[in-house]
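S.K.:
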Amino acid sequence: MKLMVVSLSPPGVRCQVGDFVMFVDPPAGRKANLILETQAKLPIKFPLSPEVVAGAGEYEVAGVRVKGASLGSDSGALRTAYATELEGIRLAFLGELTEEPASDALDRLGAVDILFFEAEPAKLKTKQLVGLVKQIGPKIIVPLGDKTAKLLAEELGQKVKAEEKLVIKRKDLEKEEITNKLVWLKS
Numbered sequence: 297m298k299l300m301v302v303s304l305s306p307p308g309v310r311c312q313v314g315d316f317v318m319f320v321d322p323p324a325g326r327k328a329n330l331i332l333e334t335q336a337k338l339p340i341k342f343p344l345s346p347e348v349v350a351g352a353g354e355y356e357v358a359g360v361r362v363k364g365a366s367l368g369s370d371s372g373a374l375r376t377a378y379a380t381e382l383e384g385i386r387l388a389f390l391g392e393l394t395e396e397p398a399s400d401a402l403d404r405l406g407a408v409d410i411l412f413f414e415a416e417p418a419k420l421k422t423k424q425l426v427g428l429v430k431q432i433g434p435k436i437i438v439p440l441g442d443k444t445a446k447l448l449a450e451e452l453g454q455k456v457k458a459e460e461k462l463v464i465k466r467k468d469l470e471k472e473e474i475t476n477k478l479v480w481l482k483s
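All residue numbers for the sequence shown refer to my numbering, where the first residue is 297 and numbers rise by one.
(1) Please identify the residue among L338, G433, D442 whose C-alpha is closest to the C-alpha of E416.
(2) Can you grab the Cα-Cα spacing for the pair L405 / I437, in whole Å?
(3) Which value, in whole angstroms, describes the spacing of the CA atoms of E392 and E414?
(4) Counting pairs of beta carbons, one from the segment 358-378 and one from the segment 325-343, are three or more of them closer than 8 Å?
(5) With distances taken between CB atoms, is the gap from R323 to P339 smaller than 8 Å?
(6) Go ahead and label V463 buried or exposed: buried means 16 or more other beta carbons lie within 10 angstroms of its beta carbon, across all protein chains shown.
(7) At the level of alpha carbons, what is the spacing between L481 and K341?
(8) In terms of residue numbering, what span does the beta strand (DSSP E) encompassing L448 cover?
(9) Just the C-alpha distance for M300 and E473, rounded to the nearest angstrom, thanks.
(10) Say whether the segment 418-436 touches the segment 445-453, bearing in mind that this needs 3 or more beta-carbon pairs closer than 8 Å, one atom from each stretch.
(11) Buried or exposed, going by whether 16 or more other CB atoms sit within 10 Å of the CB of K363?
(12) Taking all protein chains shown into account, do 16 or more other C-beta atoms lie within 10 angstroms of the C-beta of Q431, making it buried, or fewer, making it exposed?
(13) State the start and end residues of the unbroken beta strand (DSSP E) segment that holds R310.
(14) Once you ignore the five residues that flank G314 on each side, which residues in its own chain have a CB closer than 6 Å to its CB?
(15) Taking the C-alpha atoms as reference points, what is the distance between R466 and E381?
(16) Run through the DSSP bridge pairs and tell me what L387 is partnered with.
(17) Name the DSSP bridge partner or partners of A415?
Dropping the structure here:
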């Protein structure tokens, strides 16, 4: 089993396994084997590059299966949550949340090992975030912003410090009973 290295590359997330690189909401001009866009500006200009996924549906890019679930649209952008698996680790990306996602959209994502999201504290209350996390039931939670990380750490009663990156293998998730472990990545 290979290591997965996860880091933030504002405004998005970079996941790498060996030579394979996946970016979620990458900075402009970044290249990757797979790019997921949780907020695609409307209208979407087709055709998209073959490595780019924007919108609900099931896809296979560079040998990786991706499930996209619609979170609706706002501010002229199509919002999509994604679930994918790298090296046996199930990842879910909700993007920037301004409201609680519908339960059916979350159900479409399936089981989640690592959950990534950002939340607007003015629009989504901490108790709503904790409820969302409990509904999804990930082993690891990675908030994509310092404010969200601090709020969740306090609410979940976890002491965490900002890390440069998360390095993990599938067996790391199996050997411990990990549930709702907060990982704060430097943004």
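The beta carbon of each residue, even a glycine, is placed where N, CA and C say it ideally should be. All figures in this text were calculated on a predicted structure; none of them were measured in a lab.
M.R.: Straight from the coordinates:
(1) Looking only at L338, G433, D442, the smallest Cα-Cα distance to E416 is reached by D442.
(2) Distance between the alpha carbons of L405 and I437: 15 Å.
(3) Roughly 4 Å between the two C-alpha positions.
(4) Between the segment 358-378 and the segment 325-343 there are three or more inter-stretch CB-CB distances shorter than 8 Å, so the stretches are counted as touching.
(5) Per the sequence shown, residue 323 should be read as Pro rather than Arg. Cβ atoms of P323 and P339: not closer than 8 Å.
(6) With fewer than 16 other Cβ atoms inside 10 Å of its own Cβ, V463 counts as exposed.
(7) Approximately 32 Å, taken between the alpha carbons.
(8) Careful: L448 lies outside any beta strand (DSSP E), inside the alpha helix (DSSP H) at 442-452.
(9) Between the alpha carbons of M300 and E473 lies a distance of about 19 Å.
(10) Enough Cβ pairs lie closer than 8 Å, so yes.
(11) K363 is buried by the Cβ-count criterion.
(12) Under a 10 Å Cβ-count criterion, Q431 is classified as exposed, with fewer than 16 other Cβ atoms of the shown protein chains found around its own Cβ.
(13) Taken as a continuous stretch (DSSP letters only), the beta strand (DSSP E) holding R310 covers 308-313.
(14) K298.
(15) Between the alpha carbons of R466 and E381 lies a gap of roughly 11 Å.
(16) Answer is T380, I410.
(17) Paired residue(s): L393.
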